[in-house]
Amino acid sequence: MTSWVDPPPPQRGMGCFAKGCLTLLALGVLLVAAFVGGSYWAARHLRDHYSAPSSATLPPSTLTPEEIEQTRSQWDAFTSAADRHRRARIELTADEVNALIASENDWRGKAFVTIDGSVAHARLSIPIGEISWLKGRFLNGECTVRPAPNRNPAEAKITEIALIGNHVSDDVLDYQMFGWKSIRSVIAHWCEENDISLFDIADGKVILETSGRE
Numbered sequence: 520m521t522s523w524v525d526p527p528p529p530q531r532g533m534g535c536f537a538k539g540c541l542t543l544l545a546l547g548v549l550l551v552a553a554f555v556g557g558s559y560w561a562a563r564h565l566r567d568h569y570s571a572p573s574s575a576t577l578p579p580s581t582l583t584p585e586e587i588e589q590t591r592s593q594w595d596a597f598t599s600a601a602d603r604h605r606r607a608r609i610e611l612t613a614d615e616v617n618a619l620i621a622s623e624n625d626w627r628g629k630a631f632v633t634i635d636g637s638v639a640h641a642r643l644s645i646p647i648g649e650i651s652w653l654k655g656r657f658l659n660g661e662c663t664v665r666p667a668p669n670r671n672p673a674e675a676k677i678t679e680i681a682l683i684g685n686h687v688s689d690d691v692l693d694y695q696m697f698g699w700k701s702i703r704s705v706i707a708h709w710c711e712e713n714d715i716s717l718f719d720i721a722d723g724k725v726i727l728e729t730s731g732r733e
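Position one of the sequence shown corresponds to residue 520 (the working numbering), numbered consecutively onward.
Structure representation (structure tokens):
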């Protein structure tokens with residue numbers, strides 16, 4: 520992992536980038552599908568075909584406690600610089616991304632990332648409690664993430680979306696319903712609000728940069 524940032528502040532959580540957007544992606548896929556289905560039968564069908572009664576088993580982090588602590592310190596410094604609109608850059612291997620996930624009580628065991636060159640693969644296993652007919656179910660899914668040619672984080676390519684092995688159209692990222700913003704617009708808004716100007720995947724690493732706008 521490499522980074523250039525200001526000295527790290529006290530530790531804090533990973534934020535929307537790691538939590539809210541992934542959850543929104545998973546829930547959005549299911550809710551849009553249910554809305555399109557438009558019936559109780561469709562809802563039951565979607566529950567049975569796009570959610571699971573138990574969580575998926577994801578691999579644990581392989582880093583040592585010392586390596587995890589170092590990764591957390593670098594991440595906290597990067598997010599602090601982003602909050603203050605200062606220039607910063609961080610490069611994270613898949614092991615380091617997974618270490619950050621494992622360091623969060625709310626996300627430990629719920630997400631796992633692998634990187635093959637310039638392509639990332641994410642696996643998720645998220646418990647559902649917000650919707651009555653999905654209580655006790657899990658969204659066990661996966662997707663592939665590639666950087667946009669211009670490395671604009673808002674234009675990252677999220678494809679090959681699947682829930683318990685059933686593929687879902689990539690267009691779900693652009694759907695709007697119930698007055699909600701689309702998943703892609705939420706990601707774009709977060710990137711702008713947090714001054715994230717570059718998202719890249721290269722040589723087995725995720726690379727993020729802030730623009731440093733005051």
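Cβ coordinates follow ideal geometry from the N, Cα and C atoms, glycine included.
| Item | Value |
| --- | --- |
| Do the CB positions of residue 717 and residue 670 come within less than 8 Å of each other? | yes |
| Can you look up residue 734 in the DSSP assignment and give me helix, strand or coil? | The displayed coordinates of the chain run from 520 to 733. Any statement about residue 734 would go beyond what the structure contains. |
| Could you tell me how far apart the beta carbons of residue 647 and residue 570 are, in whole angstroms, since I believe they sit closer than 8 Å? | 7 Å |
| Taking C-beta to C-beta, are residue 627 and residue 731 nearer than 8 Å? | no |
| If contacts are defined as beta-carbon pairs under 8 Å, then residue 594 and residue 619 qualify, I think. What distance do you get, rounded to the angstrom? | 6 Å |
| If you pair each beta-carbon of the stretch 629-637 with each one of the stretch 721-729, do three or more pairs fall below 8 Å? | yes |
| Relative to the alpha-carbon of residue 567, which residue among 597, 641, 701, 654 has its alpha-carbon at the smallest distance? | 654 |
| Would you check if the distance between the CB atom of residue 601 and the CB atom of residue 713 is smaller than 8 Å? | yes |
| Out of 672, 614, 572, 597, point me to the one whose CA is closest to residue 584's CA. | 614 |
| Helix, strand or coil: how does DSSP classify residue 621 here? | helix |
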